[in-house]
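Notes for the one structure printed next.
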Amino acid sequence: MTTTRRDLLTTAVTAAGAALTPRIADAQQRTQADDHDHQVMPSDPALRTKALESVLVAKGLVDRAALDALVDAYEHQIGPRNGARVVARAWVDDAYKRRLLSNATGAIAELGYGGEEGEQMVVVENTARVHNLIVCTLCSCYPWPVLGLPPVWYKSAAYRSRSVIDPRGLLKELGLELSPEVEVRVWDSTAEVRYLVLPQRPTGTEKMSESQLAALVTRDAMVGIAQVSVSPEVRA
Amino acid sequence: MNGIHDMGGMQDMGPVRPEKNEPVFHAEWERRVFAMSEAIDGDWPEGAGRYQKELIPPAEYLRMSYYERWLRGLAELLVKSGMVTQTELESGIAEGGNTKGRKVLRASEVRPTIAAGFPSTSTVPAVAKFHVGEHVRARNINPTAHTRLPRYARGKLGTIERDHGVFLFNDSEAQGLGDKPQHLYSVRFAARELWGSGAPDGDSVHLDLWDDHLEPA
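Laid out in structure tokens, this is it:
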């Protein structure tokens with residue numbers, strides 16, 4: 001394996017981080033794994049988390065059942081299938097689509113979605129001439145009610161840094177090569193407004209039902225790193 | 001603050017690698033950190049959680065995983081606010097600390113709380129300083145505390161595309177300096193204005209910026 005500049009950068013960063021904490025072994029383990037931000041977690045955060053939870057519960061500051069309910073909500077109930085239903089409705093109902101593009105928060109609420117991290121929504125439409133891409137360069141802002149919690153790549157330094165300066169190069173690496181004729185609009189979620197991409201409806205889906213259409217819509221397409229295809233390779 | 005969190009436009013951060021069939025959480029402790037951060041009625045201003053993560057030293061910030069940053073931020077706020085002591089964090093045994101008057105989220109309240117959200121719009125009337133279609137310049141400021149104006153847009157020319165209405169001003173709020181409600185706009189910056197003549201003509205980056213971030217062009 002050749003050493004890339006990325007490897008050198010990672011090594012330097014790791015060394016700096018290790019100097020600040022005694023977790024050298026953990027840091028080494030992390031660089032040897034893949035480049036993902038999550039990595040195989042050392043036991044340290046797990047132990048610290050356990051200690052913190054014990055203290056907060058004992059002090060009556062959090063209720064364990066409420067923690068379980070929060071996890072359940074975002075792990076099993078609130079996710080990209082919500083957004084897919086919004087997209088499919090817009091594809092089959094022009095009046096809904098107009099409401100979605102002019103008052104996204106209200107139109108999304110019509111389908112029963114809304115609330116935390118989606119209090120103020122804006123939906124941007126992909127067309128044959130315009131491609132939209134959502135990012136949060138400063139942190140990890142993401143429309144929770146319609147997409148759930150953000151995936152690791154969305155929160156990664158790689159995505160946050162590059163999406164605004166080289167969206168076309170980034171998309172090409174991810175398998176989406178856009179024609180120079182297509183205008184790219186990147187939406188950096190710097191405030192409390194949250195964005196969702198309305199992807200283009202693929203051709204050949206004219207006879208599909210709304211629920212069949214919803215099944216085609218991926219999370220990645222609603223962030224803008226992919227398009228919707230009739231037989232998506234990955235359904236995120 | 002010109003911190004490492006302000007990453008827009010940096011280069012050589014490596015490839016973007018979506019994980020196939022990615023789970024929502026990658027470890028049990030991530031679930032608990034997420035849930036505790038959501039559930040706690042912290043004795044700190046709205047937005048301070050995010051600011052606290054920005055204060056993690058850059059080398060550590062880059063090395064840490066996302067939820068490690070959440071854990072660090074939460075623990076530091078709890079100690080700073082006096083709700084939990086450092087000794088308690090280390091031992092896992094509750095001893096003292098000021099927990100008076102804190103509201104405890106119950107399981108039955110979780111879904112209603114999520115559904116209600118935490119709107120940051122304001123009903124306080126504020127006069128819009130700019131109008132749709134107006135050319136503006138993002139101010140060239142370098143605040144040493146929390147700001148939602150990324151470095152890559154400072155000093156750049158843009159156009160107001162949408163007035164979102166009156167919002168609480170996070171820059172001020174996160175530091176406990178008050179809401180300072182003011183108009184928030186979607187501002188379009190041409191990619192060439194941000195990145196130079198090598199950027200594709202017609203491409204753009206849109207940022208949500210408040211009145212205090214902008215000046216007439």
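Line by line, the protein sequences give chains A and B. Under the working numbering, the first residue of the first sequence carries the number 1, and numbering increases by one thereafter. Under the working numbering, the first residue of the second sequence carries the number 1, and numbering increases by one thereafter. A virtual CB, placed ideally from N, CA and C, is assigned to each residue, including glycine.
Among the residues facing chain A, Thr-121/B is included, as its CB has a counterpart in that chain under 8 Å away. Around the beta carbon of Ala-191/B, 16 or more other beta carbons sit within 10 angstroms, so the residue counts as buried.
By the Cβ rule, the region 161-181 of chain B counts as touching the region 141-149 of chain B, because three or more pairs are nearer than 8 Å. For Ala-138/B and Ile-4/B, the gap between their C-alpha atoms comes out near 20 Å. A direct Cα-to-Cα measurement between Asn-126/A and Leu-198/A gives close to 6 Å.
Against Pro-45/A, the close residues of chain B are Trp-29, Glu-68, Leu-71, in the order they occur along the chain (beta-carbon pairs closer than 7 Å). Residue environment analysis places Asp-220/A among the buried positions, since at least 16 neighbouring C-beta atoms fall within 10 angstroms of its C-beta. Gly-112/A is the residue among Leu-170/A, Gly-112/A, Val-223/A, Lys-97/A whose C-alpha sits nearest the C-alpha of Asn-82/A. Contact annotation: Ala-46/A and Trp-29/B have beta-carbon atoms nearer than 8 Å.
Here the region 40-50 of chain B makes contact with the region 75-83 of chain B; the two share three or more CB pairs at distances below 8 Å.
The C-beta distance from Gly-14/B to Tyr-152/B rounds to 19 Å, too long to fall under 8 Å, and the pair is not in contact. Not one beta carbon of chain B lies nearer than 8 Å to the beta carbon of Glu-125/A. For Gly-115/A, the neighbours in chain B by C-beta distance under 7 Å run, in chain order, Ile-114, Ala-115, Ala-116, Gly-117. Residue environment analysis places Asn-2/B among the exposed positions, since fewer than 16 neighbouring C-beta atoms fall within 10 angstroms of its C-beta. Within chain A, Cys-139 have C-beta atoms less than 7 Å from the C-beta of Arg-50/B, given in sequence order.
In chain order, Gly-8, Gly-9, Tyr-152, Val-205 make up the part of chain B whose C-beta sits under 7 Å from the C-beta of Val-164/A. As the crow flies, the alpha-carbon of Ala-116/B is around 39 Å from that of Lys-172/A. Cβ neighbours of Val-146/A within its own chain (closer than 8 Å, five residues either side excluded): Pro-80, Asn-82, Gly-83, Val-86, Ile-108, Tyr-113, Gly-118, Met-121, Leu-196, Met-222.
As a beta-bridge residue in DSSP terms, Thr-159/B pairs with His-135/B, Arg-188/B.
From the beta-carbon of Leu-216/A, no residue of chain B is found nearer than 8 Å; the closest lies around 17 Å away. If the five residues before and after His-135/B are omitted, its C-beta is found closer than 6 Å to the C-beta atoms of Thr-159, Ala-217, all from its own chain and listed in chain order. Sequence-ordered contacts of the region 65-96 of chain A with chain B read Ala-65, Ala-66, Leu-67, Asp-68, Ala-69, Leu-70, Val-71, Asp-72, Ala-73, Tyr-74, Glu-75, His-76, Gln-77, Ile-78, Gly-79 [C-beta pairs closer than 9 Å]. In this structure, the alpha-carbon of Lys-129/B lies about 18 Å from that of Gly-155/B. With its beta carbon less than 8 Å from one in chain B, Ala-157/A belongs to the interface.
Sequence-distant Cβ neighbours of Ser-229/A in its own chain, meaning closer than 6 Å and more than five residues away, are Pro-202. Counted as a single uninterrupted DSSP element, the beta strand (DSSP E) harbouring Tyr-195/A occupies residues 193-198. Membership of Ser-211/A in the alpha helix (DSSP H) is indicated by the continuous run 210-216.
In the pairwise beta carbon analysis, the region 49-59 of chain A is classified as touching the region 80-90 of chain B: at least three pairs are separated by under 8 Å. Using a Cβ distance threshold of 8 Å, Val-164/A and Val-205/B count as a contacting pair.
Excluding sequence positions up to five before and after Arg-188/B, its CB lies within less than 7 Å of the CB of Gly-158, Thr-159, Glu-161, Ser-204, His-206, all in the same chain and listed in chain order.
By the neighbour-count criterion, in which 16 or more other beta carbons inside 10 Å mark a residue as buried, Thr-190/A falls on the buried side. Within the DSSP secondary-structure output, His-206/B pairs in a beta bridge with Trp-187/A, Arg-188/B. Residue range 130-135 is occupied by the beta strand (DSSP E) that includes Asn-132/A.
Assignment of beta-bridge partners to Pro-216/B by DSSP yields Val-136/B. Fewer than three pairs of CB atoms, one per stretch, sit closer than 8 Å, so the region 47-59 of chain B makes no contact with the region 102-117 of chain B. Within the model, the alpha-carbon separation for Glu-206/A versus Leu-170/A is close to 31 Å.
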